[in-house]
Amino acid sequence: MHTYERDLCRAGNEGWPPWDQLRLTRAEDVVDLARADPTIGWATWPDVFSLDHRGSPQSWYKGFTRDSVRSWADDPSPLVEAAQHPCATPAVTNRWLIIESRLTCLYDEPVVGDHDAEAFLRLRRDLADHGYLLLDSVVFDDELHWWSLHELTSGTTIWPNRLEATRW
Numbered sequence: 029m030h031t032y033e034r035d036l037c038r039a040g041n042e043g044w045p046p047w048d049q050l051r052l053t054r055a056e057d058v059v060d061l062a063r064a065d066p067t068i069g070w071a072t073w074p075d076v077f078s079l080d081h082r083g084s085p086q087s088w089y090k091g092f093t094r095d096s097v098r099s100w101a102d103d104p105s106p107l108v109e110a111a112q113h114p115c116a117t118p119a120v121t122n123r124w125l126i127i128e129s130r131l132t133c134l135y136d137e138p139v140v141g142d143h144d145a146e147a148f149l150r151l152r153r154d155l156a157d158h159g160y161l162l163l164d165s166v167v168f169d170d171e172l173h174w175w176s177l178h179e180l181t182s183g184t185t186i187w188p189n190r191l192e193a194t195r196w
């Protein structure tokens, strides 16, 4: 578990940079967004981004309330179907990032634990079978804590470059 602080000068004013200027290449880049976006940590849905090789978002999928890496590990079909939908715009890449917010009042302690790491690895393997590389699931709570599930399972916040790196 890590902590972060909101950047009150940026929060609500600047928000997210334009997608063509945004680069998400490791968990700390996502944390930088959370500093400026007060909804991260408070939302009741996860966001899934497909990123190009530079880390620039190419498409976005808004999950449903209470969707999570846990539920998708049990059934990844909503993610796969969204990626394969003919209206997926502009183009879904095979490099995916999940940003998940969790309200602490809805979760037993700990908010993130071993069951999340196990779910992340299961989901990563299942998505790899469909040709998608799950880079990370970065989880934020409403008390300014964050976790990188990739870090919990690998020891680093540096994301893998290749799909083959996630098949074990």
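Start counting the sequence shown at 29; every next residue gets the next number (the working numbering).
The C-beta atom is built at its ideal place from N, Cα and C for all residues, glycine as well.
In its chain, beyond the 5 residues on either side, Arg98 have a beta carbon closer than 8 Å to the beta carbon of His143.
Annotation: the region 83-118 contains the following complete segments of the beta strand (DSSP E) (minimum length 3 residues), in chain order: 85-90. For Glu179, the enclosing alpha helix (DSSP H) begins and ends at 177-182. When DSSP states are grouped into helix, strand and coil, His30 belongs to the strand group. Taking a C-beta distance under 8 Å as the contact criterion, Ser78 and Trp124 qualify as a contact pair. Taking 8 Å as the cut-off, the Cβ atoms of Trp73 and Phe92 count as close. When the five nearest sequence neighbours on each side are left out, the beta carbons in the same chain lying within less than 7 Å of the beta carbon of Thr181 are those of Ala145, Phe148, Leu149, in order along the chain.
With 16 or more neighbouring CB atoms inside 10 Å of its own CB, Ser96 falls in the buried class. The closest CA to that of Arg82, considering only Val76, Asp65, Leu50, is found on Leu50. Burial of Tyr160 is indicated by the presence of at least 16 other C-beta atoms within 10 angstroms of its C-beta. Going by DSSP, Arg123 is part of the beta strand (DSSP E) stretching over 123-130. In the three-state reduction of the DSSP assignment, Arg152 falls in the helix class. Remark: three or more beta-carbon pairs, one from each stretch, lie closer than 8 Å, so the region 163-175 and the region 125-137 are flagged as touching. Shown here, Arg63 sits in a helix according to DSSP, grouped into three states.
When C-alpha distances from Glu33 are compared across Trp88, Asp48, Ala55, Asp60, the shortest belongs to Asp60. Just measuring C-alpha positions, the residue of Trp47, Thr53, Cys37, Ile68 sitting nearest His173 is Ile68.
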